[in-house]
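Below: the structure, in structure tokens.
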Amino acid sequence: MSKMSVTGRKIRSSREDMVFEIVTKILLIIACLIVLYPLYFIIIASISNPDYVISGKLSLFPVDVTFSGYRKIFKFKNLMNGYKNSFFYAIVGGAVSAALTLFAAYPLSKNDFSGRKPFTIFLLITMFFQGGMIPLYIVVNKLGLRNTPYVLLIVNGIQVWNLLVTRSYFKTNHIESLSEAAEIDGCSHFGYFFKILLPISKPIIITMVLFYAVWQWNDFFRAMIYLDKPDYQPLQIVLKELLATAQISSAIYDLMENQEALTEMLRAAEQMKYGVIVMATLPMMIVYLIMQEYFIQGITMGSVKG
Amino acid sequence: MQPNKSVMVTNGGSKSKAKPTLFQRIKHRLITRGEWQLYLLILPVVVYFIIFHYAPMYGIQIAFRNYSITKPILDAKWVGLTYFERFIKSPMFSQLFKNTLVLSFYDLFVGFPFPVIFAVVLNQTQSKRLVKFTQTVTFAPYFISMVVLVGMLHLFLSPTSGMVNKLLETIGLEPVYFMAEAKWFRHVYVFSHVWQRTGYQAIIYFAALTSVDPGLYEAATIDGATRLEKIWYIDLPSITPTLVTMLLLAVGRVLNVDTQRTLLMQAPTNLVTSEIFGTYVYKVGLINAQFSYSTAIDLFKTVINLTLLIIVNQISKKLTEESLW
Numbered sequence: 001m002s003k004m005s006v007t008g009r010k011i012r013s014s015r016e017d018m019v020f021e022i023v024t025k026i027l028l029i030i031a032c033l034i035v036l037y038p039l040y041f042i043i044i045a046s047i048s049n050p051d052y053v054i055s056g057k058l059s060l061f062p063v064d065v066t067f068s069g070y071r072k073i074f075k076f077k078n079l080m081n082g083y084k085n086s087f088f089y090a091i092v093g094g095a096v097s098a099a100l101t102l103f104a105a106y107p108l109s110k111n112d113f114s115g116r117k118p119f120t121i122f123l124l125i126t127m128f129f130q131g132g133m134i135p136l137y138i139v140v141n142k143l144g145l146r147n148t149p150y151v152l153l154i155v156n157g158i159q160v161w162n163l164l165v166t167r168s169y170f171k172t173n174h175i176e177s178l179s180e181a182a183e184i185d186g187c188s189h190f191g192y193f194f195k196i197l198l199p200i201s202k203p204i205i206i207t208m209v210l211f212y213a214v215w216q217w218n219d220f221f222r223a224m225i226y227l228d229k230p231d232y233q234p235l236q237i238v239l240k241e242l243l244a245t246a247q248i249s250s251a252i253y254d255l256m257e258n259q260e261a262l263t264e265m266l267r268a269a270e271q272m273k274y275g276v277i278v279m280a281t282l283p284m285m286i287v288y289l290i291m292q293e294y295f296i297q298g299i300t301m302g303s304v305k306g
Numbered sequence: 307m308q309p310n311k312s313v314m315v316t317n318g319g320s321k322s323k324a325k326p327t328l329f330q331r332i333k334h335r336l337i338t339r340g341e342w343q344l345y346l347l348i349l350p351v352v353v354y355f356i357i358f359h360y361a362p363m364y365g366i367q368i369a370f371r372n373y374s375i376t377k378p379i380l381d382a383k384w385v386g387l388t389y390f391e392r393f394i395k396s397p398m399f400s401q402l403f404k405n406t407l408v409l410s411f412y413d414l415f416v417g418f419p420f421p422v423i424f425a426v427v428l429n430q431t432q433s434k435r436l437v438k439f440t441q442t443v444t445f446a447p448y449f450i451s452m453v454v455l456v457g458m459l460h461l462f463l464s465p466t467s468g469m470v471n472k473l474l475e476t477i478g479l480e481p482v483y484f485m486a487e488a489k490w491f492r493h494v495y496v497f498s499h500v501w502q503r504t505g506y507q508a509i510i511y512f513a514a515l516t517s518v519d520p521g522l523y524e525a526a527t528i529d530g531a532t533r534l535e536k537i538w539y540i541d542l543p544s545i546t547p548t549l550v551t552m553l554l555l556a557v558g559r560v561l562n563v564d565t566q567r568t569l570l571m572q573a574p575t576n577l578v579t580s581e582i583f584g585t586y587v588y589k590v591g592l593i594n595a596q597f598s599y600s601t602a603i604d605l606f607k608t609v610i611n612l613t614l615l616i617i618v619n620q621i622s623k624k625l626t627e628e629s630l631w
């Protein structure tokens, strides 16, 4: 009797497991499709004949493949300049911000550092209370930083959250015991930080550079506020104009006399939009796919309180 | 390695004097124990925060003054709460408040369960390869810039050529102007946010779930718990601390709706629902150059945010012993 019920339960639970497994798998596949299909569509739309895209006949495979959209994009000077600027902001900004974050996180991770508490409070306050848009604008303006190549490096500078993540990395056990050993050996703080800590902290260094680089690459709002000349404008500003311009022209479409030329322009613009989206997103996607582990690590470390 | 002198001198120094003066204590810490190096390392960041965070805080006083950009702040006439009064009496006040709160809470309540459920499903799936693949795919939209995301929305939701409206057309419905109509703004905002952020936000919960002791699941299996019971009694309690922290942070930001995202999604026709604190502060301040008025609105928003955060944190401390500080 009792044996029967145990096996009965086992069978029930294994069948339940199977059903459960199928349901979760289906859910995950649906999630993947919801994310992937729009991205996939953008790619095939960028190389398909725009007529099919506009009339909604494109669904699974590219139709009438043409690279004319990309050829036009590469000839577009503003866009290429934005591309160059964005790479500069992402690389230099990523490196400088990450370096300063690492420098500051080390003292904050040392329990016997006399400035630890005051500085932590000093930094944390800014997370919850900010001067706001206009007072910061006035400061940046007074310092003559507007429309300079440095302004985005500065206003997108250091994030307290990243500092806290780095600090909690430095406070993990194996690193802390190493620090104690170095102290007993009479190693100076500089010696320990540069010669021992940094070489073994590769994961957090890469994570920080990546976070700041992505942040710089994707920023639009601050660039809009602080840069109004095209020379230093990042890709996102150029993109915004590109993706919005055609919308305006489609609104005035009916008012135009030479509709045929305009239709041709709109066709080209439509295809270019898809191509531009691909070009703007591809660098970050590649970085993401290669460095995925570091991003995930950075996010999970951020959730550890300490 | 550096020579061993700092430790030696430390010992000698503390023995020779019974009661060191403040100056000596500071000197001992900075020089002998080498703390000056720590101060030097943190210096650039401190200077940065003084200039770009604390100086703007000092600048908040322009909310109480009649400031113009040509004169120094202190020369501007003190007008007290004039700008706050003007804002509270203006018709924009209730509109901004309503729009920001509705958008924020809609985003919070719809956006919050998705990553939690998603993480639980990920954790329950046995096929490690599928889990890994799904994580990779769903995290990807996080790396799409806001400009591109809104561009994608315009393309997909276009009333003439967008795939969504083509789909509606085939089932015999009229095209919908998703990006222009005020009644659609919030839905598009919230669900595009879900699309972009769920994978990213699930990472934290998933990490909390994978650190659950597998012995707990085994014990539960022996006790005859069903899968749903395991989720309810093991998974959910194990992510509660993370959940509470996230919720607290979200509530503390309730009036800080993503300005960049909203501004990009705005159209002249949807301002009735899409004008929020952040976008209005931007327009009043930087487009109309009403610096003082704009700062007053911004400060008003910050103070309410902060108050909310403190209240919610106190409640949470009482109820769950989880606190941000």
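One line per chain: the protein sequences are B and W, in this order.
For the first sequence, position 79 matches number 79 in this note's numbering, and the numbering has no gaps at all.
Every position in the second sequence, counted from 1, becomes a number in this note's numbering once 306 is added.
We put the CB at the ideal spot given by N, CA and C, even for glycine.
8 Å is my cut-off, CB to CB: does residue 20/B come that close to chain W? Taking the first sequence and counting its residues from 1, the one referred to as residue 20/B is at position 20. Yes, residue 20/B counts as interfacial toward chain W.
Alpha-carbon to alpha-carbon, residue 194/B and residue 294/B: As a first step, residue 294/B is located in the first sequence; it is residue number 294 there, counting from the start. As a first step, residue 194/B is located in the first sequence; it is residue number 194 there, counting from the start. Between residue 294/B and residue 194/B, the alpha-carbon positions lie close to 21 Å from each other.
To the nearest angstrom, how far is the alpha carbon of residue 386/W from that of residue 553/W? By 1-based counting over the second sequence, the position of residue 386/W is 80. By 1-based counting over the second sequence, the position of residue 553/W is 247. Cα to Cα, residue 386/W sits roughly 36 Å from residue 553/W.
For residue 329/W and residue 337/W, what's the separation of their Cα atoms in angstroms? Counting from one through the second sequence, the residue named residue 329/W turns up at place 23. Counting from one through the second sequence, the residue named residue 337/W turns up at place 31. Each residue's CA atom was taken as its position, placing residue 329/W and residue 337/W some 12 Å apart.
Within its chain, find whatever has a CB closer than 7 Å to the CB of residue 211/B; leave out the 5 residues flanking it on each side and keep chain order. Working through the first sequence from its first residue, we reach residue 211/B at position 211. Once the five neighbours on either side are set aside, the close Cβ partners of residue 211/B are 162 and 298.
Boundaries of the alpha helix (DSSP H) in which residue 460/W is found, first to last residue: Within the second sequence, numbered from 1, the residue matching residue 460/W stands at position 154. Where residue 460/W is concerned, the enclosing alpha helix (DSSP H) stretches over 452-463.
Residue of 51/B, 76/B and 103/B minimising C-alpha distance to residue 198/B: Indexing the first sequence from 1 puts residue 198/B at position 198. When only C-alpha atoms are compared, the closest one is 103/B.
Taking contact to mean 3 or more Cβ pairs, one atom from each stretch, closer than 8 Å, check whether the stretch 595-612 of chain W and the stretch 366-383 of chain W are in contact. At 8 Å Cβ cutoff, the stretches touch.
Thinking C-alpha only, which one of 268/B, 227/B and 140/B is nearest residue 357/W? In the second sequence, counting from the first residue as 1, residue 357/W sits at position 51. Residue nearest to residue 357/W within the set 268/B, 227/B and 140/B is 140/B (criterion: CA-CA distance).
Contact check, residue 423/W vs residue 502/W under 8 Å by CB: the rounded distance? Stepping through the second sequence from its first residue, residue 423/W is reached at position 117. Stepping through the second sequence from its first residue, residue 502/W is reached at position 196. About 17 Å; that fails the 8 Å criterion.
Helix, strand or coil for residue 222/B per DSSP? Locating residue 222/B in the first sequence gives position 222, counting from the first residue. Helix at residue 222/B.
If we ignore side chains and look at the alpha-carbon of each, how far apart do residue 439/W and residue 147/B end up? Locating residue 439/W in the second sequence gives position 133, counting from the first residue. Locating residue 147/B in the first sequence gives position 147, counting from the first residue. When rounded, the distance between both Cα atoms is 43 Å.
Distance, Cα to Cα, residue 107/B vs residue 25/B? Translated into positions along the first sequence, residue 107/B becomes position 107. Translated into positions along the first sequence, residue 25/B becomes position 25. Cα-Cα distance, rounded: 46 Å.
Reduced DSSP secondary structure (H/G/I, E/B, other) of residue 146/B: Working through the first sequence from its first residue, we reach residue 146/B at position 146. It is coil, neither helix nor strand.
Sequence-distant residues of its chain with Cβ nearer than 6 Å to residue 406/W (five each side left out): Here residue 406/W refers to the residue found at position 100 when the second sequence is read from its first residue. The answer, listed in chain order, is 561, 563, 582 and 583.
Measure the beta-carbon distance from residue 352/W to residue 119/B and round it to whole angstroms, keeping in mind my assumption that it falls under 8 Å. Position 46 of the second sequence, counted from the start, is the residue given in the question as residue 352/W. Position 119 of the first sequence, counted from the start, is the residue given in the question as residue 119/B. About 7 Å separates the two Cβ atoms, so the contact holds.
I'd like to know if residue 92/B contacts chain W, where contact means its C-beta is closer than 8 Å to some C-beta of that chain. Residue numbering aside, residue 92/B sits at position 92 when the first sequence is read from its first letter. Residue 92/B does not count as touching chain W.
Closest by CA to residue 574/W, which one among 367/W, 538/W and 491/W? Stepping through the second sequence from its first residue, residue 574/W is reached at position 268. Per the Cα distances, 491/W.
Counting only runs that start and end within the stretch 553-607 of chain W, where is the alpha helix (DSSP H) found for 4 or more residues in a row? If we require 4 residues or more, the alpha helix (DSSP H) runs fully inside the stretch 553-607 of chain W come out as 565-571, 577-580 and 583-588.
Would you mind telling me which residues of chain W sit closer than 9 Å to residue 240/B, beta carbon to beta carbon, in chain order? By one-based count along the first sequence, residue 240/B stands at place 240. Neighbours of residue 240/B in chain W, taken as residues at a C-beta separation under 9 Å, are given in chain order as 453, 456, 457 and 570.
Helix, strand or coil at residue 296/W according to DSSP, with G and I counted as helix: Given a span of 307 to 631 for chain W in the structure shown, any question on residue 296/W remains unanswerable.
Residue 490/W, enclosing alpha helix (DSSP H) - first and last residue: Counting from 1 along the second sequence, the entry for residue 490/W is found at position 184. Bounds of the alpha helix (DSSP H) holding residue 490/W are 488-516.
Quick check on DSSP: helix, strand or coil for residue 383/W? Stepping through the second sequence from its first residue, residue 383/W is reached at position 77. Residue 383/W: strand per DSSP, three-state reduction.
Residue 81/B in three-state terms, based on DSSP: Counting from 1 along the first sequence, the entry for residue 81/B is found at position 81. Residue 81/B: helix per DSSP, three-state reduction.
DSSP bridge partner residues for residue 371/W (one or two, in chain order): Counting from 1 along the second sequence, the entry for residue 371/W is found at position 65. The beta-bridge partner set that DSSP reports for residue 371/W consists of 384/W.
If we call anything under 8 Å between Cβ atoms a contact, is residue 201/B one with residue 192/B? Residue 201/B sits at position 201 when you count from the first residue of the first sequence. Residue 192/B sits at position 192 when you count from the first residue of the first sequence. No, Cβ-Cβ distance for residue 201/B and residue 192/B is not below 8 Å.
When you compare the CB positions of residue 300/B and residue 509/W, do they come within less than 8 Å of one another, or not? Position 300 of the first sequence holds residue 300/B. Position 203 of the second sequence holds residue 509/W. Yes, Cβ-Cβ distance for residue 300/B and residue 509/W is below 8 Å.
Smallest Cα separation from residue 124/B: which of 457/W, 471/W and 359/W? The sequence position of residue 124/B within the first sequence is 124, counting from 1. It is 359/W.
Does any residue of chain B have a CB that is nearer than 8 Å to the CB of residue 469/W? Counting from one through the second sequence, the residue named residue 469/W turns up at place 163. At least one chain B Cβ lies under 8 Å of residue 469/W.
Helix, strand or coil, according to DSSP, for residue 390/W in the structure here? On the second sequence, position 84 is the one that residue 390/W refers to. It is helical.
Could you tell me whether the Cβ atoms of residue 459/W and residue 494/W are closer together than 8 Å? For the purposes of this step, residue 459/W is taken as the residue at position 153 of the second sequence. For the purposes of this step, residue 494/W is taken as the residue at position 188 of the second sequence. Cβ distance < 8 Å, so residue 459/W and residue 494/W count as in contact.
Anything in chain B within Cβ reach of residue 433/W, meaning under 7 Å, just list it in chain order. Within the second sequence, numbered from 1, the residue matching residue 433/W stands at position 127. The contacting residues are 25.
Cβ neighbour criterion (16 or more within 10 Å) applied to residue 504/W: The residue given as residue 504/W occupies position 198 in the second sequence. Flag for residue 504/W reads buried.
Using the beta-carbon count (16 or more within 10 Å), is residue 570/W buried or exposed? Position 264 of the second sequence, counting from 1, holds the residue named residue 570/W. That one is buried.
Okay, do the stretch 232-243 of chain B and the stretch 217-224 of chain B touch, 3+ Cβ pairs below 8 Å being the bar? Between the stretch 232-243 of chain B and the stretch 217-224 of chain B there are three or more C-beta pairs closer than 8 Å, enough to call the two in contact.
Less than 8 Å between CB atoms is the rule here; does residue 280/B satisfy it with respect to chain W? Stepping through the first sequence from its first residue, residue 280/B is reached at position 280. So yes, residue 280/B belongs to the interface.
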